[in-house]
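See structure below.
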Amino acid sequence: MSIVQVLFYIMAFIVIGSALFVAATKNLVRSIFMFFITLFALAGLYVLALADFVAITQVVIYVGGILVLILFAFMLSGRETLSILQQQKSKLVNVGKSPALLLATLFFVVMIYVVLKTDADNLIWVKQSITNKTAIKPNDLVTDNIGINLMTRYLLPFEAISVLLMIALVGAAHLSRKEVKE
Amino acid sequence: MINLTDFLIVSAALFCVGVYMIVSKRNAIQILIGIELMLNAAILNLVAFGRYDKINNTGQVFALFAIVLAAATTAVALAIILNVYRRYKTIDPGEINKLRD
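Note that the protein sequences, when read in sequence, are chains A and B. End of the first sequence sits at 182 in this note's numbering; the numbers just go up one at a time, nothing left out. End of the second sequence sits at 1101 in this note's numbering; the numbers just go up one at a time, nothing left out.
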């Protein structure tokens, strides 16, 4: 077993373990900070999938942006929310959550079945890309190619995303303003 | 190299944790975190398959788009949650059943 595979299994374990902790814990602040660890480990998985630029973007936007945003919203919402959130039932096995658990487990079984049935490593186009040498190798530079593609082939989605970002910015600013008294 | 199937299994597990959070949590922020987990599972799939496309980089470019979209979604959703809290004094989605008072 190579060191890359060992790293992959460590990262995958951290991702799934911290995600389970996020889902299981009662404390909201703890779950937000564990979500931080999930996102970092996911960035590590992206590096192992040879997508360095996406990993950096993940760290910058998700960890630096979204998480700070969630923490801000949480801290700004006052002491009452905190006290409301803490007084959940603290039984070890909550009966009310068993349908959700059942749903998630069954869905997981179905997904695993589909994944194993698909056998993604032997898909035709994957094989073709390996024989045509269009699969990314660990010492390839892909970031400059991403930049060129972003400005040529994917220019229309790029512009659509930029317009949508502006709409979301204006909408968020409009939604979070203070109500004016008439 | 790492098999594609391993990535797909990790992503399926992450997605199911997200589904569990969305269905079972009684707190809008935690539901938002569940949605983020599901989005991350999808992005992991995009990135894992994008390894086999060196010329066009479709998977990686659309992973970038998905990350940016998730950021925009979160900003708007948090603004909505803050507004809902201001009006209802709770962020439990089960209690919020009116569009206007």
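Where is the CB? At the ideal position from N, CA and C, for every residue including glycine. As the structure is a prediction and not an experimental result, all values here were calculated from the model.
Pair within 9 Å by beta-carbon distance, residue i and residue j
i, j, result
"threonine 118/A", "tyrosine 1052/B", "no"
"asparagine 1057/B", "asparagine 145/A", "yes"
"alanine 1028/B", "valine 1076/B", "no"
"alanine 73/A", "leucine 1082/B", "yes"
"isoleucine 32/A", "serine 18/A", "no"
Nearest residue (CA-CA) to residue i, options the options
i, options, result
"serine 162/A", "Ala1048/B, Ile1067/B, Ile1022/B and Leu1008/B", "Ile1067/B"
"leucine 71/A", "Met34/A, Phe53/A and Thr105/A", "Met34/A"
"valine 63/A", "Gly1034/B, Gln1030/B and Ala1071/B", "Ala1071/B"
"threonine 1073/B", "Leu76/A, Leu69/A and Ala51/A", "Leu69/A"
"lysine 1054/B", "Leu48/A, Glu159/A, Gly17/A and Asn149/A", "Asn149/A"
"proline 157/A", "Asn1003/B, Phe1062/B and Ile1022/B", "Phe1062/B"
"asparagine 1045/B", "Val1023/B, Ile1091/B, Ile1081/B and Asp1006/B", "Asp1006/B"
"leucine 7/A", "Thr105/A, Val54/A and Leu45/A", "Leu45/A"
"aspartate 52/A", "Val114/A, Ser176/A, Ile16/A and Lys137/A", "Lys137/A"
Local Cβ density within 10 Å of residue i, reported as buried at 16 or more and exposed below that
i, result
"valine 22/A", "buried"
"valine 142/A", "buried"
"phenylalanine 1015/B", "buried"
"phenylalanine 13/A", "exposed"
"serine 2/A", "exposed"
"valine 29/A", "exposed"
"lysine 1098/B", "exposed"
"valine 114/A", "exposed"
"glutamate 159/A", "exposed"
Partners in chain B for residue i, counting only beta-carbon separations shorter than 9 Å
i, result
"alanine 41/A", "Chain B residues near alanine 41/A: none, gap ~10 Å exceeds 9 Å."
"threonine 57/A", "Ala1063, Leu1064, Ile1067 and Val1068"
Interface flag, residue i vs chain C, CB-CB below 9 Å
i, result
"leucine 1099/B", "As a matter of chain content, chain C is missing from the structure shown, whose protein chains are A and B."
Partners in chain B for residue i, counting only beta-carbon separations shorter than 7 Å
i, result
"phenylalanine 8/A", "Ile1002 and Asp1006"
Where residue i meets chain B, residues with beta-carbon distance less than 8 Å
i, result
"valine 142/A", "Lys1054, Asn1057 and Gln1060"
Residue i: contacting residues in chain A (beta-carbon distance under 7 Å)
i, result
"glycine 1050/B", "Ala51"
query: Which residues, taken in chain order from the stretch 141-162 of chain A, show a beta carbon closer than 7 Å to some beta carbon of chain B?
result: Val142, Asn145, Ile146, Asn149, Leu150, Arg153, Tyr154, Pro157 and Ile161
- prompt: Listed in chain order, which residues of the stretch 1029-1040 of chain B have Cβ atoms closer than 9 Å to some Cβ of chain A?
  reply: Ile1029, Gln1030, Leu1032, Ile1033, Gly1034, Glu1036, Leu1037 and Asn1040
- request: Determine which residues of the stretch 95-115 of chain A have a Cβ less than 7 Å from any Cβ of chain B, and write them out in chain order.
  value: Lys97, Ala100, Leu101, Leu103, Ala104, Phe107, Phe108, Met111, Ile112 and Val115
field: Interface positions of the stretch 1014-1029 of chain B facing chain A (Cβ-Cβ less than 9 Å), listed along the chain
entry: Leu1014, Phe1015, Cys1016, Val1017, Gly1018, Val1019, Tyr1020, Met1021, Ile1022, Val1023, Ser1024, Lys1025, Arg1026, Asn1027 and Ile1029
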